[in-house]
Amino acid sequence: MEPPLSVVLHFGSRPVSGVAEFFRSSNLRNRKKLVIVNGKRLLRGSPTAAFSFLLFFPSALDHDVLPEFAEPVPNVTAIVGRSVKLPCVVNNLGHYRVAWLRVESKTILTIHKSVITQNYRVHLSPSDRTWLLVIDSVQESDRGGYMCQVNTVPMHSQVGYLDVLVPPDIVGSESSSDVLVREGSNVTLSCRAKGYPAPRITWRREDGTPIAVGNWQEQLGSTATDNVSYEGEELSITKVSRLHMGPYLCIASNGVPSPVSRRILLQVHFPPMIWIPNQLIGAPLGGEVVMDCNTEAFPMSINYWTLESGDLIAESAKYSLNRTENVYKVHMRLRIRRIVPEDFGAYRCFAKNSLGSTEGSIRLYD
């Protein structure tokens, strides 16, 4: 008599003793039928007959609970250099496994409790329900989607997005340094900045005065445009004048702390000019008189007084010399004490720089 037919159920290479245990071991809980292979007639000395047949699970097993996400993976925003945490909360995980992946590159970061990626900044902090992906010192390259995946069939997944903010930084190699131009020419100041989001560039004068970008000869008319600030990577000034001279600030900001600025000094070269408020002054003998001479020049001019004879006037008991400077302006004052008849006549003030020279005359009379 032949021995009875024996049926052995296998999951992979491991025999499973019963339906309930097999069901617990499989990842096919929702399937209503399963192909069972490797049924063998166990008879010494006889060929082994292999066959397959279908096993239908009872309807009660159809209601077994699958893992489910308790909440969405949030979208997270972080400033570059800081740490960020992406939580994935799963209920009823059972024997299933959770994995984290990069969406764009399909790179596997973690599987279950193991970190797969070689990126030392990536860590995993798992608990019963929450699988927390931690990224230290986030970089711009970390920006993108992160998928939390559970290995059910079909696979369940959720995606959260990491946005990395970068503070503004002015690119010195692409921005203007101090600029020197001749009066009447056109000038453009440039300021480039990087960051994320893209920084906004604002121009201001350091002293807070308006920026005049129109024709300097018409700045009192309707064609001049004056504003305290301008926006844009370039500040263009047509027919620049001495009034435009001074430091300008380009300020880069994008809402990420903190804004940065660059100081650009605009220097305008022009030859000297002189303005004398009183060219004819009367004074009594024995009295005292003051003469004023105003000059403008840049580079700053050399200034001095002479007598009508051409002799240079120096500081003494007879003469007092005073000089006040402000960027490109010089105010010269000559004081003459104890006037005698020989003091009456012409006095000249001079201004010279590398671009030219000029003089003015004041006549003293009795």
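With our numbering as the guide, the letters of the sequence shown map in order to residues 896 to 1261. No residue lacks a Cβ here, since even glycine has one placed at the ideal position from N, Cα and C. On a predicted model such as this, the values are computed, not experimentally measured, just so you know.
Where residue i falls, given that 16 or more other Cβ within 10 Å makes a residue buried
{"i": "M1227", "result": "buried"}
{"i": "N982", "result": "It should be noted that the sequence gives Pro, not Asn, for residue 982. With 16 or more Cβ atoms within 10 Å of its Cβ, P982 is classed as buried."}
{"i": "G1090", "result": "buried"}
{"i": "L1057", "result": "buried"}
{"i": "E1191", "result": "buried"}
{"i": "M1050", "result": "exposed"}
{"i": "V1185", "result": "exposed"}
{"i": "T1219", "result": "exposed"}
{"i": "L1060", "result": "buried"}
{"i": "W1170", "result": "exposed"}
Cut-off 8 Å between Cβ atoms - residues of its own chain near residue i, not counting five sequence neighbours on either side
{"i": "F1239", "result": "L1259, Y1260, D1261"}
{"i": "E1129", "result": "T1083, L1084, S1085, C1086"}
{"i": "S1052", "result": "M1042, C1043, Q1044, V1045"}
{"i": "P969", "result": "L981, P982, G1055"}
{"i": "R992", "result": "I1006, H1007, V1045, N1046"}
Cross-strand partners of residue i (DSSP beta bridge)
{"i": "Q1013", "result": "According to DSSP, which records beta bridges pairwise, Q1013 is partnered with nothing at all."}
{"i": "E1191", "result": "M1168, K1224"}
{"i": "I1132", "result": "V1082"}
{"i": "H1051", "result": "V1045"}
{"i": "A1107", "result": "D1121"}
{"i": "G1039", "result": "L1057"}
{"i": "H1018", "result": "V1029"}
{"i": "Y1199", "result": "F1245"}
{"i": "P1142", "result": "L1160"}
{"i": "G1251", "result": "N1248"}
Straight-line Cα distance separating residue j from residue i
{"i": "G1251", "j": "C1244", "result": "15 Å"}
{"i": "L1081", "j": "S1196", "result": "Correcting the residue type first, residue 1081 is Asn in the shown sequence and not Leu. Each residue's alpha carbon lies about 24 Å from the other."}
{"i": "S1072", "j": "P1063", "result": "19 Å"}
{"i": "I1257", "j": "I1231", "result": "13 Å"}
{"i": "V971", "j": "R1100", "result": "38 Å"}
{"i": "D1121", "j": "K1134", "result": "15 Å"}
{"i": "P1154", "j": "L1138", "result": "28 Å"}
{"i": "N1046", "j": "L988", "result": "10 Å"}
{"i": "S1136", "j": "V1163", "result": "7 Å"}
{"i": "T1097", "j": "A1107", "result": "15 Å"}
{"i": "M1168", "j": "R977", "result": "58 Å"}
{"i": "K1008", "j": "V984", "result": "14 Å"}
{"i": "Q1044", "j": "S1022", "result": "16 Å"}
{"i": "A973", "j": "Y1015", "result": "18 Å"}
{"i": "N1221", "j": "D1187", "result": "16 Å"}
{"i": "R1024", "j": "V998", "result": "22 Å"}
Residues near residue i by beta carbon distance below 6 Å, same chain, minus five either side
{"i": "E1069", "result": "R1087"}
{"i": "I1003", "result": "L996, I1011"}
{"i": "P1092", "result": "N1149"}
{"i": "G1182", "result": "I1234"}
Residues near residue i by beta carbon distance below 7 Å, same chain, minus five either side
{"i": "S1249", "result": "P1194"}
Residue i Cβ short of 7 Å to the ligand FMN heavy atom set
{"i": "N986", "result": "Here there are no bound small molecules, and the ligand FMN is not part of this structure."}
Quick check for students: name the residue ranges of the beta strand (DSSP E) that lie wholly in the stretch 1072-1102, counting only runs of 3 or more.
1074-1077, 1082-1085, 1088-1091, 1095-1100
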